[in-house]
Amino acid sequence: MTGQNKGPDASATPPKQPAPSETASQSETSHRIAVRSLKSDPMGVFQLGHDGVMRSFDGTYERNVIDAVGLSPAQIKSFLDHFPVPWSQETEDMYRGVDGRDVVGEEALFHPPDDLRPPKYTEEDKVRLKREVDEKNQEIRERIEQEERDGVDVAAKYACGRVVSNYDLGSKKEI
Numbered sequence: 001m002t003g004q005n006k007g008p009d010a011s012a013t014p015p016k017q018p019a020p021s022e023t024a025s026q027s028e029t030s031h032r033i034a035v036r037s038l039k040s041d042p043m044g045v046f047q048l049g050h051d052g053v054m055r056s057f058d059g060t061y062e063r064n065v066i067d068a069v070g071l072s073p074a075q076i077k078s079f080l081d082h083f084p085v086p087w088s089q090e091t092e093d094m095y096r097g098v099d100g101r102d103v104v105g106e107e108a109l110f111h112p113p114d115d116l117r118p119p120k121y122t123e124e125d126k127v128r129l130k131r132e133v134d135e136k137n138q139e140i141r142e143r144i145e146q147e148e149r150d151g152v153d154v155a156a157k158y159a160c161g162r163v164v165s166n167y168d169l170g171s172k173k174e175i
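For the record, in the sequence shown the residue sitting at position 8 is 8 according to the numbering used here, with numbers rising by one throughout.
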């Protein structure tokens with residue numbers, strides 16, 4: 001999602017500034033709202049650049065910018081605090097004083113230099129990654145097949161966001 005020396009994407013219109021009345025909880029999650037607002041490619045990646053811009057890149061190996069949004073210092077901190085990489089002084093120093101909302105113009109947002117982009121894959125990388133994905137998918141298929149043989153309800157186990165309700169849609173009884 002992000003490299004230690006990468007910057008975020010930004011859209012042509014900067015995100016709404018947090019209102020002074022927002023709670024700490026609202027400002028902590030504001031980076032999530034900004035990221036969710038970005039257009040994305042299912043095979044693409046998001047990356048926070050050292051310029052404070054969160055960018056959405058396509059899934060091609062060219063890494064074209066699809067969308068971008070400049071993050072405020074509070075949003076950058078929130079993103080870094082929630083990103084599953086251990087804290088480092090280098091990262092803290094890199095983002096100190098950065099405000100992605102200062103990055104303006106289509107060129108800066110959508111045509112960043114290579115140091116603000118995820119690395120492009122070589123042909124060897126593509127072959128290796130395809131092999132790794134195929135191997136992982138085979139492991140998952142084998143695990144699911146074994147669970148089915150063991151009587152596990154795999155549809156229920158692996159359902160994403162499945163909500164079980166008990167609506168009674170029969171005729172309404174008079175009381």
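Think of the CB as a built atom: it goes at the ideal place given N, C-alpha and C, for glycine as much as any other residue.
TYR158 is classed as exposed because its beta carbon has fewer than 16 other beta carbons within 10 Å across all chains shown. Counting along the chain, ARG141 sits inside the alpha helix (DSSP H) bounded by residues 123-149. Bounds of the alpha helix (DSSP H) holding LEU80 are 73-82.
The Cβ atoms of VAL154 and ILE144 sit closer than 9 Å to each other. Here the C-alpha atom of GLU92 lies approximately 12 Å from the C-alpha atom of PRO73. Taking a cut-off of 8 Å on C-beta distances, the region 86-102 does not touch the region 116-136, as fewer than three cross pairs fall below it. Here GLN138 is exposed: its Cβ has fewer than 16 other Cβ atoms, across all protein chains shown, within 10 Å. In the same chain as SER40, and ignoring 5 residues on each side of it, the C-beta atoms closer than 6 Å to its own belong to SER56, in chain order.
Comparing C-alpha distances from ASP114 to each of ARG128, GLY49 and ASP81 shows the shortest one belongs to GLY49. Taking a C-beta distance under 9 Å as the contact criterion, GLN75 and ALA34 qualify as a contact pair. Non-local beta-carbon contacts of HIS31 in its own chain, meaning distances under 8 Å to residues more than five positions away in sequence, involve MET54, LEU71, GLN75, ILE76, SER78, PHE79 and HIS82 in chain order. In the assembly as shown, ASP125 is an exposed residue. Its beta-carbon has fewer than 16 other beta-carbons within 10 Å.
In the displayed model, SER30 falls within a helix according to three-state DSSP. Partner residues in the beta bridge of GLN47, as assigned by DSSP, are ARG55.
Contact annotation: VAL65 and PHE110 have beta-carbon atoms nearer than 9 Å.
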